[in-house]
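There are 2 protein chains.
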Amino acid sequence: MNLACATCPVKESAACAVLTSEERDALAAAGRTRTLKRGEMLFAAGDEEAACATLLTGALKVSAVDVEGHEQILALVHPAGFIGELFAPFAHHDVVALTESRLCTFARADIERAVEEYPALARALLRRSQADLLASRNLLELTGHASAEARLAALLHDFAAAASDSSCHLAQRFELPLTRGEIANMLGLTIETVSRKLGELEDMGAIQREGKRGIALRDPVLLHEISGR
Amino acid sequence: MNLACATCPVKESAACAVLTSEERDALAAAGRTRTLKRGEMLFAAGDEEAACATLLTGALKVSAVDVEGHEQILALVHPAGFIGELFAPFAHHDVVALTESRLCTFARADIERAVEEYPALARALLRRSQADLLASRNLLELTGHASAEARLAALLHDFAAAASDSSCHLAQRFELPLTRGEIANMLGLTIETVSRKLGELEDMGAIQREGKRGIALRDPVLLHEISGR
DNA sequence: CGGTCTCTTGACACAATTCAAATCGTGTGG
DNA sequence: CCACACGATTTGAATTGTGTCAAGAGACCG
Chain A
1 MNLACATCPV KESAACAVLT SEERDALAAA GRTRTLKRGE MLFAAGDEEA
51 ACATLLTGAL KVSAVDVEGH EQILALVHPA GFIGELFAPF AHHDVVALTE
101 SRLCTFARAD IERAVEEYPA LARALLRRSQ ADLLASRNLL ELTGHASAEA
151 RLAALLHDFA AAASDSSCHL AQRFELPLTR GEIANMLGLT IETVSRKLGE
201 LEDMGAIQRE GKRGIALRDP VLLHEISGR
Chain B
1 MNLACATCPV KESAACAVLT SEERDALAAA GRTRTLKRGE MLFAAGDEEA
51 ACATLLTGAL KVSAVDVEGH EQILALVHPA GFIGELFAPF AHHDVVALTE
101 SRLCTFARAD IERAVEEYPA LARALLRRSQ ADLLASRNLL ELTGHASAEA
151 RLAALLHDFA AAASDSSCHL AQRFELPLTR GEIANMLGLT IETVSRKLGE
201 LEDMGAIQRE GKRGIALRDP VLLHEISGR
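Just so you know, the protein sequences line up as chains A and B, in that order. Just so you know, we're using UniProt numbering here: the first sequence kicks off at 1 and counts up by one. Just so you know, we're using UniProt numbering here: the second sequence kicks off at 1 and counts up by one.
Here you go:
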């Protein structure tokens, strides 16, 4: 068997979890696993051959590059997330690994056939798509009106929630999956502003920086208030 | 029959277009048409009873309100658009009519049953959801890095495209569906900046204002260049 | 050790916001 | 029909948050 679904770390939560084991095996026969190193690209905006994929481990970013070469991160993809624009003739955005990542990839045609054949898969992808839409709109809300400080506080809050196992609880300490530059891109700020505001959040006692990427939460309530949500 | 699908203005393009006429009639029996006047709300963030709907005529906005009462417009809905968060226990955002609008509404439970029963409907909604996701990410890209001028130019360009029949052609003149305040909310700007930049775009010869809401395109190419896309 | 990256910090400029006031348009009631 | 009030828009002046430019500090690697 090409794909080791039995040992898949996201077999409970990914879109394919809704399939029966026979259906899943049939789909697995068409797919293959792939590993990306940090910075490696899954596909680029404009690709006609853009694959679809489920993320098993690691993290990806979805980003757009404007005419002047500025990057804007549009979304992060976490394990069990699905990547791929099903009905578009070509990809609209770049997808790049943030950390070493393992994926389960499929040709678009194979996924499209599976969506036709297995209604449960269509529903699962619909659910996931709606969740992605919600996430995108949340980011939109964040970058719309809020100050640099509030955006950063909200992002840190989200990361703390994502780093903890239970979704309603915050991790006390965690590693930022993004560089300063990537945080800046995501929030529509500059590297310098991110760095300054992180310093200010530390001075206020909301967080404490631990090395370049580490963050420890000192005052989660304060952080939440600063984020204004 | 409750719903006059036969005379529906979006019967070709809405999600229900993929159903057979028997299936559509069955679904129609569960729905009902509704008219909203400008400013009327379809449902509010937090509603548990949030209906689902297809927009027949008019325009809606999807918006979030933060703790300080500032509104942020997250998306516009055009005719044939589908509204409703299928898998969430409650609505996350407000949905309000921008102009007098006619909708075809369904209870969430009825839509969910139809999605189970008619695989083609699930696929159609998946397609629509992906399109919404793309639109949301485009707006995100726009509000992320661009200057006030570029945001406004891009929005005007989009409206010109939306106002024309063919999607690849721009309307020479059209009415803004939004007030200045709503444009400002959508682009993450203030009313004053929007007003000023509109004046500047007019001075440059890119557009011409016609009354409060009317816009005539003078130099679509210039407008596109200013938008930086 | 030198080279390259990422991050931090400072000084300054500027675009957009804020505050304030004038103008326009529209509907209402006398 | 006019006078008036009210909301939406425009315009002006002053302020400020972020971006820009520039330089320096750490970390990592060959």
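Just so you know, even glycine gets a beta-carbon here, dropped at the ideal spot from N, CA and C.
Boundaries of the beta strand (DSSP E) in which residue i is found, first to last residue
i: B/K61; result: 60 to 65
i: B/E210; result: 207 to 210
i: B/E71; result: 71 to 77
i: B/R173; result: 173 to 175
i: B/L187; result: Where B/L187 is concerned, there is no enclosing beta strand (DSSP E), although the alpha helix (DSSP H) it sits in stretches over 180 to 187.
Under the three-state DSSP convention, the category residue i falls into
i: A/M1; result: Only weak support exists for where A/M1 lies, its pLDDT of 47 falling under 50; the coordinates are left without a value.
i: A/G214; result: strand
i: B/C16; result: helix
i: B/D219; result: coil
i: B/F159; result: helix
i: A/V10; result: coil
i: A/D110; result: helix
i: B/L170; result: coil
i: A/R151; result: helix
i: A/R24; result: helix
i: residue 250 of chain A; result: Nothing in the structure corresponds to residue 250 of chain A, since chain A is present only between 1 and 229.
i: B/E48; result: coil
i: A/S164; result: coil
i: A/I226; result: helix
i: A/A30; result: helix
Exposed unless 16 or more other CB atoms sit within 10 angstroms - verdict on residue i
i: B/G211; result: exposed
i: A/C168; result: exposed
i: B/P89; result: exposed
i: B/P9; result: exposed
i: residue 231 of chain A; result: No information on residue 231 of chain A is available, as it lies outside the stretch 1 to 229 that chain A covers here.
i: B/S129; result: buried
i: B/V221; result: exposed
i: B/R24; result: buried
i: A/R213; result: exposed
i: A/D94; result: buried
i: A/S136; result: buried
i: A/K61; result: buried
i: A/K197; result: buried
i: B/S63; result: buried
i: B/G84; result: buried
i: A/A109; result: exposed
i: B/E182; result: buried
i: A/M1; result: Since pLDDT at A/M1 reaches only 47, below the 50 mark, its modelled position is unreliable, and the value read off the structure follows with that caveat. Classification for A/M1: exposed.
i: A/V67; result: exposed
i: B/S166; result: exposed
For residue i, the first and last residue of its enclosing alpha helix (DSSP H)
i: B/D132; result: 119 to 145
i: B/R196; result: 191 to 204
Contacts of residue i in chain A (Cβ-Cβ under 9 Å)
i: B/P220; result: Per Cβ cutoff of 9 Å: no residues; B/P220 is ~17 Å from chain A at best.
Under 7 Å from the C-beta of residue i: neighbouring residues of chain A
i: B/E141; result: A64, Q72, L74
i: B/F87; result: R127, Q130
i: B/G144; result: Q72, T143, G188
i: B/P119; result: P119, A122
Bridge partner(s) assigned by DSSP for residue i
i: A/S101; result: A/L36
i: A/A53; result: A/I83, A/T105
i: B/D94; result: B/S63
i: B/M41; result: B/V96
Chain-ordered chain A contacts of residue i [CB-CB under 8 Å]
i: B/D132; result: L133
i: B/G39; result: Ordered by position in chain A, no residue passes the 8 Å Cβ test against B/G39, which lies about 21 Å from the chain.
i: B/H157; result: Result: empty, since nearest Cβ-Cβ is about 14 Å, beyond 8 Å.
i: B/V67; result: G228, R229
Closer than 8 Å at the beta carbon, the chain B residues around residue i
i: A/V115; result: R123, L126
i: A/R137; result: V62, A64, L74, A75, H92, H93, S136
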